[in-house]
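K.L.:
Per this note's numbering, the very first residue in the sequence shown carries number 83; after that it's consecutive.
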Amino acid sequence: MSYLGELRRNIRPLAGASLGIGTSLPLLAYTNSAFAPYLIKAFGWSRSEFALIGLTMFATLPFFPIIGRLTDRVGVRPIALAGTLLMLPGFIGYSLMSGSFLQYVLIFTYVLIVGSMTSTLVYTRVVAEHFDRAQGLALTVVSCVPAFLAIPIIPLLNWMIEEHGWRPAYGVLGGFCFVGGLVAVALIPPARAKDAPVESIPDAPAPPVPLEGTKRGDYRLILRSKVFWLVLVAMFLCLMQTQLHSSQMNVMLIDQGLTTQGAANIASVYAFGTIVGRIACGLALDRYSTPIVTAVSMCLPALGFFLLGTSFNGYGVIAFAMFLVGLTVGAENDVMSFLIARYFKLRIYNTTFSLLFCCSFLASGAGSVGVSYSLAHYNTFSPFLFFISGSITVGCLLFLLLPSTRGFQKIG
C-alpha cells in the first residue's frame, strides 16, 4: 500500500484519534494558562504558590501504568469512553471553586488522572495499530488537532473570561470536550493486533504464554532495555520545561511585560509553532534517521527559553522565542509515540508508553519546583529559564545514542 493510500484507508480511526486527543489533556495544556492569571487575581494566590500546581503530577503517577496496561488488554474504546464521561465532573468542579488552593489542586489532579484516559497515552495506540509506512505523518495529524483548536479557543476563552467570568468559561470548555470525546469514541474501530499474526488465523492452536506475555515479564523486558532508559532520561531532561508552556505560560508572558490579551495573542503564535513543529517532525520521522530527527526536533526550545530569560523583552523577541518553544512542544508527543512504536512491539505499546508518561509527569513536577523556587527567591522566571535551556541541550545529545538502523529488532 502506498504512503498516502494508507492514510486514505484509515481515515476514520485517524479522525477519531485526532478528535479524542484534540479535546483532552493536550488541549487543556493550552487552556489552563488562559485561566491562570484570573484565578490568581480572583483568589489572591501568589505566583510561587500557583507554580506548585505541577506537583499534582506526582499524585497521578500510580494510575498511568494501570491505564496503559488496561489499554493493551481491552483496547482504546472502553478506556476512552470512561475517560470522556469522567472528565465532565472535573470541569463542573472548576466552575464551582470557592477560593481554596487545595480545592483547585484536588480538582486539577482528578482531571489529570481521568483525562489521561483520553490523551496520547491511549489514543496513539490507534495509530500504532493501523499505520506502518505513514506512522510519523499520522501521529502528526492527531497531535496537530489540539494546536489547531487552541489557536481560536485561547483568545475566545480570554474574551469570554473578560466579559462573562471564568466560571461560565469552564462550563463551555467542559461541554466542548465532552461532546468531542463522545464523537471520537464513536469513530474508533475495534482493536487490531499487528504483532500477533498467529491469533488472526482461524482455529489456530493457542501457543503457550511465555514469561514475556505476563505482566511481570513485560515490565522486565522493558526495564532491561537500554533503549528504554535512554529515552526516559532524555525525555526527563527535555520535559522539565512543561510547566512553562502549560499552567505558567500566561503568567510567564505577563512577567515579560505583556498584558493578559497580549499574552493570549502570543499563545496563539505558540500554538501555530506547535503545528509547524508537528508537521515537520512527523514527515521527517518517516524518512530520516530516528535519533537525528528526534534530537533536532527536541532541541529548538533551548534557544527560545534562553531568549525569554534575557532582558530582550520586545514583543517580536517574545513571539519568536515562544514560536521556537512551540516547535518542540509540537514534536514531543509525536516523538514519544513514534519512539515506542519504532523500538517496542505493539503488544506492549501502552505498557511502555505509560512508563514514559510517568517520566513526563515526573519531569513536569520537578520543573514546577524549579519555577516556584525561581519566583520565590528571585521574583522572576529567568534563573529557571537559563537552567532549562541547558537541560534540554543535554537531553537532545542523549537521543543521538539511540539505534539508527531500520532493522532493529523490536523489544517485546
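C-beta atoms are modelled at their ideal positions from N, C-alpha and C, and glycine is treated no differently.
Just so you know, these numbers come straight off a predicted model, no measurement behind them.
Kindly give me the distance between the Cβ atoms of Gly136 and Gly472, rounded to whole angstroms, as I take these residues to be in contact under 8 Å.
P.N.:
Along the sequence shown, one-based indexing puts residue 136 at 54. Along the sequence shown, one-based indexing puts residue 472 at 390. The Cβ separation is near 20 Å, so there is no contact.
K.L.:
Alpha carbon to alpha carbon, what distance is there between Ala316 and Thr475?
P.N.:
By one-based count along the sequence shown, residue 475 stands at place 393. By one-based count along the sequence shown, residue 316 stands at place 234. Their Cα atoms are separated by approximately 10 Å.
K.L.:
Taking Thr392 as the reference, give the member of Phe439, Gly339 and Pro119 with the closest Cα.
P.N.:
For this step, residue 392 is matched to residue 310 along the sequence shown. Looking at the Cα atoms, Gly339 is the closest of the given residues.
K.L.:
Would Gly355 and Leu428 qualify as a contact pair, given that the criterion is a beta-carbon distance under 8 Å?
P.N.:
Here residue 355 corresponds to residue number 273 of the sequence shown, with the count starting at 1. Here residue 428 corresponds to residue number 346 of the sequence shown, with the count starting at 1. It is not a contact, given that the beta carbons lie outside the stated cut-off.
K.L.:
Name, in chain order, the residues that DSSP records as bridge partners for Ile103.
P.N.:
By 1-based counting over the sequence shown, the position of residue 103 is 21. According to DSSP, which records beta bridges pairwise, Ile103 is partnered with nothing at all.
K.L.:
Okay, do the stretch 229-247 and the stretch 374-381 touch, 3+ Cβ pairs below 8 Å being the bar?
P.N.:
No contact exists between the stretch 229-247 and the stretch 374-381.
K.L.:
Which two residues bound the contiguous alpha helix (DSSP H) that contains Met139?
P.N.:
By 1-based counting over the sequence shown, the position of residue 139 is 57. From DSSP, the alpha helix (DSSP H) with Met139 extends over Thr138 to Thr142.
K.L.:
Cutting at 8 Å between CB atoms, please list the residues of its own chain near Gly197, excluding the five before and the five after it.
P.N.:
Residue mapping note: residue 197 aligns to position 115 of the sequence shown, counting from 1. Here the set comprises Ser106, Leu107, Leu110, Gly165, Met169 and Gly172.
K.L.:
With a threshold of 16 other CB atoms inside 10 Å of the CB of Gly257, please say whether the residue is buried or exposed.
P.N.:
One-based indexing of the sequence shown puts residue 257 at position 175. Exposed, because fewer than 16 other Cβ atoms sit within 10 Å of the Cβ of Gly257.
K.L.:
Considering Asn92, what are the terminal residues of the alpha helix (DSSP H) in which it resides?
P.N.:
Mapped onto the sequence shown, residue 92 falls at position 10. Careful: Asn92 lies outside any alpha helix (DSSP H) and carries neither H nor E.
K.L.:
Nearest to Ala366 by CA position, among Ser307, Phe260 and Gly218, is which residue?
P.N.:
Numbered from its first residue, the sequence shown carries residue 366 at position 284. Of the candidates Ser307, Phe260 and Gly218, the one whose C-alpha sits nearest the C-alpha of Ala366 is Gly218.
K.L.:
Under a three-way DSSP split, which group does Phe145 fall into?
P.N.:
For this step, residue 145 is matched to residue 63 along the sequence shown. Helix at Phe145.
K.L.:
Quick one: what does DSSP say Phe402 is sitting in, helix, strand or coil?
P.N.:
Along the sequence shown, one-based indexing puts residue 402 at 320. Looking at Phe402 - three-state DSSP - the assignment turns out to be helix.
K.L.:
How big is the Cα-Cα spacing for Val417 and Cys363?
P.N.:
The residue given as residue 417 occupies position 335 in the sequence shown. The residue given as residue 363 occupies position 281 in the sequence shown. Cα to Cα, Val417 sits roughly 8 Å from Cys363.
K.L.:
For Phe420, which residues does DSSP report across the bridge?
P.N.:
Counting from 1 along the sequence shown, the entry for residue 420 is found at position 338. Answer is none; Phe420 lacks a bridge partner.
K.L.:
Once DSSP output is grouped into helix, strand and coil, what is the label at Ile270?
P.N.:
For the purposes of this step, residue 270 is identified with residue 188 of the sequence shown, where counting begins at 1. Correct three-state label for Ile270: coil.
K.L.:
Which residues in the same chain have their Cβ closer than 6 Å to the Cβ of Tyr192, if we skip the five residues on either side of it in sequence?
P.N.:
Residue 192 sits at position 110 when you count from the first residue of the sequence shown. So the list reads Gly172, once near-sequence residues are dropped.
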